[in-house]
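Chains as they are written, first to last, in the working numbering: chain Z, 20 to 771; chain Y, 21 to 163.
Idealized CB from N, CA, C, for every residue including glycine.
Everything numeric in this text was worked out from a predicted model, so none of it was measured.
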Amino acid sequence: MKIGIYLCTCEGEIEKVIDIDSLVKEASGWSGITDVHKDAFLCSEDGIRKIRKDVESSGLERVLIAACSPFFKMEEFSDLGLNKYLVERVNIREQCSRAHRNDPENATKKTKAMLRIFLEKAKYSQPLQPLQLPSLRSALVIGGGVAGINASIDIAETGNEVFLIEKNPFLGGKVAGFHKYFPRMCPPSCGLELMFSKIKSNPNVHVLTSSEIDTISGSPCNFEIFIKTSPRHIDMDKCVLCGKCLEVCPHNAIVYPEGFSYPCIPAINKGLCAVDCNKCVAVCPVDAIDLDEEGKATNIKVGAIVLATGWEPFDPTPLAEFGYGRLENVVTNIEFEKISKEKKISFEEPKKVAFIQCVGSRDERHLPYCSDVCCMVSIKQALFLKEVNPDNEVYIFYNDIRTPGEYEELYQKARRRGTIFIKGIPSELKQDEPQKINFSVFDTVAGKRLDITTDMVVLATGIKPSQGTIDLKEKIGIVLNKNNFVESHIQCYPQDTQRNAVFSAGCCRAPMDVSRSIESAGAAAIKTLQFFNNCTEITPDNPAVNILKCDVCKRCIEECPFKAYSFDEKGFPKSDIMKCRRCGVCMGGCPLAAISLGGLSIEQLSVMLDVFDRSYLGEDEPLILGFLCKNDAYRAVDDAALKGITYPPNFFGIMVPCAGAVNGAIIAKAISTGIDGVLIAGCPDNQCHYIHGSTLAKARLTDISNKLKEMYLEPERVRFISIGRDDPEKFADSIEEYVEELKKMGRNPLRL
Amino acid sequence: MYNEFFDREKLKYCYQCGKCSSGCDINRIDVSFQPHRLLHLISIGAADNLMEDAGLWKCTTCFTCSERCPQGIKVTEILWIARTIAVKAGHIPELLITQKDILLRTGRLIPMDNKKRGKAGLTAIQEESSVVARIFEIVEKEK
């Protein structure tokens with residue numbers, strides 16, 4: 020094989036510590052090495068040009084770049100005239116010349132060992148070519164509330180197809196039922212009408228109401244969705260909205276739209292009909308009603324999915340002390356919206372209304388979190404009461420008033436208009452006389468007890484995830500957090516869902532107001548478009564299972580943080596090229612070491628260990644082989660160099676995608692062939708970029724400990740540490756300690 | 021001092037909603053007894069004078085506060101422990117000392133007037149001081 024090695028001195032800096040010239044001389048003598056060159060500025064245009072020339076003229080099949088960390092100058096070294104998987108970056112600056120600047124002799128020895136190892140790795144690299152895997156440029160948006168509607172519009176208006184599926188006969192979700200929404204106190208008809216007109220006029224949007232998802236199969240770029248649609252019983256093309264069916268229906272079986280609704284056609288709930296009633300059929304002037312209409316099953320194919328399944332209101336019945344369902348005129352905030360919208364009660368004759376905040380929220384027995392909007396909702400409703408008649412008496416009993424940003428203005432306005440805010444929650448509500456509610460509450464600020472009688476009590480109840488969201492756990496395999504909201508995990512990617520090509524918007528992710536829901540829908544739409552655009556070429560470096568070794572123990576299927584594995588036609592596990600995020604947790608967990616990533620195989624790691632010079636620092640110095648996760652640990656170790664932190668050259672690091680990618684067989688091989696210590700370094704708990712890779716790596720050490728004990732070796736030779744991105748000191752200290760402890764333990768007796 | 025007796029961690033969850041004081045029947049009659057205030061003082065470590073507070077002894081242990089607390093704080097238990105601490109430091113209401121004496125002497129908290137009972141046609145009630153002494157003996161041994 021023709022291999023070229025290029026050693027950079029980084030304008031002489033690396034050369035101050037490492038004797039590059041001697042390495043050039045030595046490496047030239049190694050078999051298979053065609054060219055060995057030293058350069059002062061390898062990443063310069065000249066430097067790159069030189070390499071490209073050599074690749075062409077010498078027909079180089081592999082190139083080693085011994086220079087700075089692989090995280091620097093990625094662009095410069097990306098196009099050297101051969102497949103990028105055949106180019107190996109050897110980190111002789113950050114993790115050698117800088118890290119061991121106080122020990123040039125040993126730094127040089129370590130560099131030689133690094134070159135040998137990565138040379139061997141390069142020999143086994145495969146020239147992976149990207150595959151053409153364009154995505155279907157269509158999205159499924161699940162949920163037709165304000166978030167789903169906006170996500171659909173945003174995706175459609177950039178020229179992509181959208182299927183918007185909604186289980187109710189009308190779009191609009193909860194907002195359609197509100198009286199007004201804050202902060203501008205608009206009626207929902209105003210905002211929603213504009214949104215609906217955009218949907219109506221855009222042929223890219225296909226709306227499926229009265230529809231639910233049956234099953235979802237396939238994978239990102241190509242999902243297949245089976246949908247069940249319930250019959251509306253009213254022909255959307257014929258109905259003229261005369262309203263006669265509604266007049267004659269004796270069973271309230273007809274759901275009638277409002278002026279702004281979409282689709283603006285009524286729907287019949289046949290379950291509520293009486294047998295053989297048919298009054299609506301008889302009275303319809305255009306014969307639009309078909310009570311025998313059957314449901315439909317359809318299937319669609321989409322490239323990506325946006326979850327917008329929204330929320331449900333919390334039912335305060337379990338908080339029996341508040342008498343919901345038992346006492347008259349005790350209502351929830353959602354019910355109050357309806358009451359004020361439908362003018363069921365006239366607040367023009369002054370009434371006394373008390374709002375009780377946090378009913379069931381911030382409560383460890385019910386919803387432990389804060390529902391974000393209830394303070395604003397009560398203030399909105401208080402302002403409404405004061406506007407209808409300033410003589411309406413309004414009390415708000417609160418724990419904390421949460422009106423962030425400019426919503427503070429509305430809080431001030433409510434106070435100015437005479438709303439009385441009392442910090443203290445009543446313990447129970449009573450009804451000593453009909454139509455009135457009375458209670459006794461301790462005002463914690465005044466230090467006084469207040470006895471209050473009101474005409475109505477509004478319980479400010481919170482937002483909980485909808486059943487639709489919970490059902491999706493089974494149907495799509497998404498992850499829900501402990502409160503059953505969609506888990507996005509990383510705070511930097513709030514619209515992601517830990518599943519490729521599946522994004523989330525609105526309250527299914529967390530309680531939020533209308534404004535934030537719409538924003539989050541925009542974010543999800545952008546992510547969807549990015550997915551479509553980035554999906555044209557995918558490199559098949561996802562893990563491959565060696566079916567000759569595999570015994571279908573299914574560990575890979577279970578441990579994959581992204582549920583990317585399924586069974587192939589032969590019954591062996593196979594990773595989906597689109598669902599997989601190349602973390603390697605499967606490779607690390609396979610008890611038979613039968614899985615390898617495309618860019619890093621078990622075989623490669625094995626031959627790297629074969630050529631690793633276990634005495635590169637001499638006979639007396641212990642050696643630690645480190646597997647550093649590329650997201651946190653490797654970066655932290657690089658950072659040590661930038662901060663001038665040094666650590667012993669006894670440590671030799673290899674980058675892995677995740678600490679969870681390190682297979683026990685490799686660790687066992689390392690120890691049983693004489694390496695004194697093995698370190699696995701991963702992200703701190705809760706910060707693993709692959710969810711539980713780090714945790715698994717730690718847990719697997721128990722097995723490895725046992726194996727070592729069976730070999731009569733000290734289990735402390737193998738250890739796991741969490742290194743945060745900003746923890747280089749912790750790393751350096753632990754290496755110093757580790758080397759000392761290994762010296763005390765003595766050399767690995769298996770070192771020959 | 022409170023740390024030795026119970027986990028102050030749970031108290032940190034209290035966000036002073038005041039439901040305990042709102043529902044307290046004693047607070048209804050005597051507004052100076054405010055369980056939420058006592059919890060706050062204990063939580064921030066400013067409860068040194070609490071031991072002398074007569075309010076500690078007003079709690080009837082009806083458990084309404086503990087039932088309604090949204091953070092599941094065992095208010096009743098905390099006040100009970102506060103009483104234990106107060107007693108260990110020598111603060112105990114006179115009435116309770118009297119009651120203790122009556123208990124030890126007669127086995128009951130309220131003295132029985134057998135003469136009056138006889139006049140009303142009721143049988144006499146024995147003083148059970150020996151039984152009470154035996155109970156305390158066993159308790160001492162168990163310690």
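Chain Y contact residues for residue i, given Cβ-Cβ distances below 7 Å
i	result
residue 467/Z	51
residue 445/Z	42
7 Å Cβ cut-off: residues of chain Z touching residue i
i	result
residue 237/Y	Nothing about residue 237/Y can be reported from this structure: the residues present for chain Y run from 21 to 163 only.
CB contact check: residue i to chain Y, cutoff 8 Å
i	result
residue 472/Z	no
residue 422/Z	no
residue 460/Z	yes
residue 384/Z	yes
residue 107/Z	no
residue 18/Z	There is no way to answer for residue 18/Z, as the model of chain Z reaches only from 20 to 771.
residue 340/Z	yes
For residue i, three-class secondary structure by DSSP
i	result
residue 711/Z	coil
residue 219/Z	helix
residue 348/Z	coil
residue 725/Z	helix
residue 735/Z	helix
residue 591/Z	coil
residue 231/Z	strand
residue 23/Z	strand
residue 386/Z	strand
residue 487/Z	helix
residue 14/Z	No statement about residue 14/Z is possible, as the shown extent of chain Z runs from 20 to 771 and does not include it.
residue 330/Z	strand
residue 359/Z	helix
residue 96/Y	helix
residue 523/Z	strand
residue 59/Z	coil
residue 110/Z	strand
residue 53/Z	strand
Run of the alpha helix (DSSP H) containing residue i, from where it starts to where it stops
i	result
residue 142/Y	First-last for residue 142/Y: undefined, no H or E at that position.
residue 85/Y	84 to 88
residue 687/Z	683 to 691
residue 114/Z	From DSSP, residue 114/Z is part of no alpha helix (DSSP H); its letter is neither H nor E.
residue 303/Z	Careful: residue 303/Z lies outside any alpha helix (DSSP H) and carries neither H nor E.
residue 141/Z	123 to 142
Closer than 8 Å to chain Z by CB, residue i
i	result
residue 81/Y	no
residue 39/Y	yes
residue 47/Y	yes
residue 146/Y	no
Extent of the continuous beta strand (DSSP E) to which residue i belongs
i	result
residue 701/Z	696 to 701
residue 181/Z	180 to 184
residue 552/Z	That residue, residue 552/Z, is in no beta strand (DSSP E); its alpha helix (DSSP H) goes 533 to 553.
residue 318/Z	315 to 321
residue 200/Z	Looking at the DSSP string, residue 200/Z is not in any beta strand (DSSP E), and its letter there is neither H nor E.
residue 34/Y	Run containing residue 34/Y: none; DSSP gives neither H nor E here.
residue 71/Z	Unbroken run through residue 71/Z is the alpha helix (DSSP H), 64 to 77; no beta strand (DSSP E).
Residue i: contacting residues in chain Y (beta-carbon distance under 8 Å)
i	result
residue 397/Z	Going along chain Y, no residue has its Cβ under 8 Å from residue 397/Z, so there is no contact; the nearest lies around 15 Å.
Proximal chain Y residues relative to residue i, where beta-carbon distance stays under 9 Å
i	result
residue 381/Z	35, 37, 90 and 91
**Study point:** Interface residues of the segment 190 to 219 of chain Z facing chain Y [CB-CB below 8 Å]
**Key:** none
Members of the segment 110 to 131 of chain Y near chain Z, C-beta cut-off 7 Å: none
Listed in chain order, which residues of the segment 66 to 92 of chain Y have Cβ atoms closer than 7 Å to some Cβ of chain Z?
84, 88, 90, 91 and 92
Interface residues of the segment 405 to 422 of chain Z facing chain Y [CB-CB below 8 Å]
418 and 419
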